Amino acid sequence: MRGGGLLVAGTTSDAGKSVVTAGICRWLVRRGVKVAPFKAQNMSLNSFVTREGAEIGRAQAMQAQAARVEPTALMNPVLLKPGSDRSSQVVLMGKPVGEMSARGYHGGRQEALLGTVTDCLEELRSTYDAVICEGAGSPAEINLRRTDIVNMGIARAARFPVLVVGDIDRGGVFASFFGTTALLSAEDQSLVAGYLVNKFRGDVSLLEPGLDMLYGLTGRRTYGVLPYAHGLGIDEEDGLRVSLRGAVRESVVAPPHGEDVLRVAVCAVPLMSNFTDVDALAAEPGVVVRFVDRAEELADADLVIVPGTRGTVKALAWLRERGLAEALVRRAAEGRPVLGICGGFQVLGERIEDEVESRAGVVDGLGVLPVRIRFDRDKTLARPVGSALGEPVEGYEIHHGVADVRGGEPFLDGCRVGAVWGTHWHGSLESDAFRRRFLAEVARAAGRRFVPAPDTSFGVLREEQLDRLGDLVEEHADADALWRLIEGGAPAGLPFVPPGAPPLGAGGPESRGAAPDPAPQSPEGLEMAHPEAQREARKKEGPEIAGSAGSRGQGLENAGSAEATPQGLENAGSAASRSEGLEVSRPETQGEAPRPQGPDGADVHVDEEAL
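Following this line, the structure appears as structure tokens:
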């Protein structure tokens, strides 16, 4: 028996799809429902390694934890990891298969993956009572609809109802709900069951007249209004504003356990990856974490972290251009604490030999750790367990760089020289006892009278945050109606909202999923599914939508550049935080499809059979 399901779409990127999906998963599992998350295609530099050694988005790993199940590659079969504003590494079923340009991916490769993602979804449905899917960006990205496998493409293939989430804190949520629906084809619209308002501040009764009018315009109800919740600490795709760091800044935090606070500066390098590594530090009372991009901001830091990055050589050049490299070398010479993680560890070494990621050849590192790095085409994906500073540690590895450690004291898989530490292990700071010992060492080296709290449990804090998400859904959404959607699908007879998507002849989106029913055309060539709407269009009046207010009472040229601003300064508009993320060129009218491109624009290998 196949389980039911739901697609959580959004009016925009960062509307709250990830947190709503996690909240629904936690609410369902508390009701005794066996549930799994799913995202067909994710673009993120925040990834995770499953127990079987597959790389998936961290958001899906977090959602699996919300559902109290072990994350697997089935939950995120396609992961795109940006290497520039025009290309990404394609990770298929947890393994990298090559770099590809946006045009190459959207020019046909993405469509070829529809069978793979639907197979994964069907396998999950055969195992779980319900599968909660997360969309990407907006389902109304009409320039990408033809090749869509993550929004309406997957909803159509699975016949899943769609719940559209809108962030009212940004403003314009009613227009976003209406416009998102009205830009979809009749077949797609038939699956859009309704809306969910996210991040509302104030008295909900003041919002209700607008919800009534939205129902009158679209014939679709709103399934809940979630209040703005401060300090939610969860792993999203690339949004820095929602994490346990946010909890430190926005909510009441316990005072320092000792006499001093500890100040941590994280260098916001380009293409920063797995910045969630510092969440566990920010969860500690008295630890203040901030992201920086100027050398002077390191002056009062007790610890500087150089985090992971998808572009090690690019990050190194960025550090040098901004004077941060010189400041890091000076700190190391003065015995002031520095921690390099993954790409940040590689930057701190003596030499980088890269013919894979940047293909820059041999590049001098900062030379503060006796390490030489050689990039290998095979990616290391592992879940290591070990010890450091006398305490047990767990982590995960995601890197192409192979470290040749030539001195220093052993530190996880890397080394330590004085107050400079380097490791490829992500997530090590989530090990509570190790984190406390590490912070005590940092405080001693920095001359701070900071004492780590003896009882901070990052795992417990994460569970508390996931329960908060479940509470939001249970208390502020129509839970019974949501369950009916998951179990029974979209309501029958949902009205069409003109004008709909452009027809195929105009470069429209219809090509994936179930074939749409033929729809009449207006004089302007727009799809109009209802005769009433056609009549009104001919009159050039505002269209009357079936299902009046009386039914409820009276009442990749999609993305910004990944390099436009430093990745990691609460930059929700960066390419890595967008749904499709890559700049999408206009289709070629003739000639060969362009070949896959690497980060520097050169042709690179793609495993054709894997795709």
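Quick note on numbering: our numbering labels position 215 of the sequence shown as 364, and the sequence is numbered without any gaps. Glycine is no exception: its CB is placed at the ideal position from the N, C-alpha and C atoms. Because the structure is a prediction, the values reported are computed rather than measured.
Could you check which residue in the options has the C-alpha nearest to that of residue i?
{"i": "leucine 477", "options": "Arg274, Thr199 and Val517", "result": "Val517"}
{"i": "proline 231", "options": "Gln212, Met192, Phe197 and Ile303", "result": "Met192"}
{"i": "leucine 420", "options": "Gly608, Lys463 and Glu446", "result": "Lys463"}
{"i": "valine 240", "options": "Arg521, Asp234 and Leu228", "result": "Leu228"}
{"i": "proline 647", "options": "Phe599, Val622, Gln495 and Leu366", "result": "Leu366"}
{"i": "glutamate 504", "options": "Arg485, Arg526 and Gly484", "result": "Arg526"}
{"i": "arginine 319", "options": "Lys244, Thr461 and Ala164", "result": "Ala164"}
{"i": "arginine 532", "options": "Val169, Gly202, Gly460 and Arg480", "result": "Gly202"}
{"i": "isoleucine 501", "options": "Arg485, Asp513 and Ala594", "result": "Asp513"}
{"i": "arginine 252", "options": "Ser236, Leu263 and Lys244", "result": "Ser236"}
{"i": "glycine 373", "options": "Cys416, Phe424, Ala448 and Val313", "result": "Val313"}
{"i": "alanine 444", "options": "Val436, Arg412, Val438 and Val453", "result": "Val453"}
{"i": "valine 511", "options": "Phe494, Val534 and Thr461", "result": "Thr461"}
{"i": "proline 245", "options": "Arg295, Val198 and Gly302", "result": "Val198"}
{"i": "phenylalanine 645", "options": "Ser287, Gly368, Leu530 and Phe309", "result": "Gly368"}
{"i": "serine 580", "options": "Ala639, Gly493, Gly563 and Leu430", "result": "Leu430"}
{"i": "aspartate 409", "options": "Asp604, Ala589 and Arg200", "result": "Ala589"}
{"i": "glutamate 636", "options": "Gly407, Ala324 and Ala307", "result": "Ala307"}
{"i": "glutamate 483", "options": "Arg598, Ala448, Ala208 and Trp467", "result": "Ala448"}
{"i": "alanine 450", "options": "Glu248, Gly596, Glu543 and Asp361", "result": "Gly596"}
{"i": "aspartate 616", "options": "Ile547, Met301, Ala189 and Trp176", "result": "Trp176"}
{"i": "valine 266", "options": "Gln190, Ala208, Ser196 and Met301", "result": "Gln190"}
{"i": "histidine 548", "options": "Asn347, Ala285 and Ser422", "result": "Ser422"}
{"i": "leucine 530", "options": "Gly544, Gly539 and Glu540", "result": "Gly544"}
{"i": "alanine 432", "options": "Val415, Gly351 and Ser606", "result": "Ser606"}
Identify, in the order they occur along the chain, each residue of the same chain with its Cβ nearer than 8 Å to the Cβ of residue i, setting aside the five sequence neighbours on each side.
{"i": "phenylalanine 560", "result": "Ala537, Trp570, Gly571 and Thr572"}
{"i": "leucine 621", "result": "Gly172, Leu375, Pro376 and Ala378"}
Can you find the residues in the same chain that come closer than 6 Å, C-beta to C-beta, to residue i, ignoring five residues on each side of it along the sequence?
{"i": "leucine 497", "result": "Gly489, Leu515, Val517, Leu518 and Gly571"}
{"i": "phenylalanine 349", "result": "Ile317, Val374 and Pro376"}
{"i": "valine 341", "result": "Val311 and Thr330"}
{"i": "arginine 523", "result": "Glu502 and Val551"}
{"i": "glycine 243", "result": "Ala203, Glu204 and Ala222"}
{"i": "glycine 407", "result": "Arg598, Phe599 and Val600"}
{"i": "arginine 585", "result": "Pro601"}
Have a look at residue i and residue j and give me their C-alpha separation to the nearest angstrom.
{"i": "valine 591", "j": "alanine 628", "result": "47 Å"}
{"i": "leucine 114", "j": "lysine 166", "result": "Residue 114 is absent from the structure shown; the chain starts at 150 and stops at 760."}
{"i": "alanine 261", "j": "valine 441", "result": "41 Å"}
{"i": "threonine 160", "j": "glutamine 214", "result": "26 Å"}
{"i": "serine 354", "j": "leucine 363", "result": "15 Å"}
{"i": "leucine 270", "j": "aspartate 428", "result": "31 Å"}
{"i": "leucine 718", "j": "glutamate 283", "result": "Only weak support is given to the placement of leucine 718: the predicted model assigns it a pLDDT of 28, under 50, and the value that follows is read from those uncertain coordinates. When rounded, the distance between both Cα atoms is 25 Å."}
{"i": "arginine 611", "j": "valine 299", "result": "27 Å"}
{"i": "proline 405", "j": "glycine 567", "result": "26 Å"}
{"i": "threonine 221", "j": "arginine 295", "result": "28 Å"}
{"i": "alanine 582", "j": "glycine 435", "result": "17 Å"}
{"i": "arginine 151", "j": "isoleucine 303", "result": "16 Å"}
{"i": "serine 233", "j": "isoleucine 281", "result": "31 Å"}
{"i": "leucine 411", "j": "alanine 594", "result": "12 Å"}
{"i": "leucine 156", "j": "phenylalanine 309", "result": "6 Å"}
{"i": "proline 186", "j": "glutamate 446", "result": "40 Å"}
{"i": "threonine 425", "j": "alanine 279", "result": "28 Å"}
{"i": "glycine 351", "j": "glycine 286", "result": "27 Å"}
{"i": "leucine 273", "j": "valine 178", "result": "15 Å"}
{"i": "cysteine 564", "j": "valine 554", "result": "7 Å"}
When you compare the CB of residue i with every CB in chain D, is at least one pair closer than 7 Å?
{"i": "phenylalanine 524", "result": "Although the question refers to chain D, the structure presented lacks it and comprises just one protein chain."}
Classify residue i: buried if its beta carbon has 16 or more other beta carbons within 10 angstroms, exposed otherwise.
{"i": "valine 455", "result": "buried"}
{"i": "leucine 578", "result": "buried"}
{"i": "aspartate 534", "result": "The question names aspartate, but residue 534 is valine in the sequence shown. Per the 10 Å Cβ criterion, exposed."}
{"i": "glutamate 506", "result": "buried"}
{"i": "valine 520", "result": "buried"}
{"i": "alanine 474", "result": "buried"}
{"i": "aspartate 472", "result": "Residue identity check: residue 472 is glycine in the sequence provided, not aspartate. Glycine 472 comes out exposed."}
{"i": "arginine 305", "result": "buried"}
{"i": "proline 486", "result": "buried"}
{"i": "proline 658", "result": "Note that proline 658 scores a pLDDT of 48, beneath 50, so its modelled location is shaky and nothing firm can be said."}
{"i": "glycine 556", "result": "exposed"}
{"i": "alanine 158", "result": "buried"}
{"i": "glutamate 558", "result": "exposed"}
{"i": "arginine 469", "result": "exposed"}
{"i": "proline 288", "result": "buried"}
{"i": "arginine 180", "result": "exposed"}
{"i": "serine 250", "result": "buried"}
{"i": "valine 609", "result": "exposed"}
For residue i, is the beta carbon positioned less than 6 Å from some heavy atom of the ligand HEM?
{"i": "phenylalanine 323", "result": "Here there are no bound small molecules, and the ligand HEM is not part of this structure."}
Near residue i, what residues of its chain come up, given a Cβ to Cβ distance below 7 Å and the 5 sequence neighbours on each side ignored?
{"i": "threonine 170", "result": "Val157, Pro186, Gln212, Ile281 and Glu283"}
**Study point:** alpha helix (DSSP H) runs wholly inside the segment 299-375, at least 4 long, in chain order
**Key:** 301-307, 322-331, 335-338 and 357-367
Practice item. May I have a chain-ordered list of the alpha helix (DSSP H) segments no shorter than 4 residues that lie completely inside the segment 516-603? Key: 581-595
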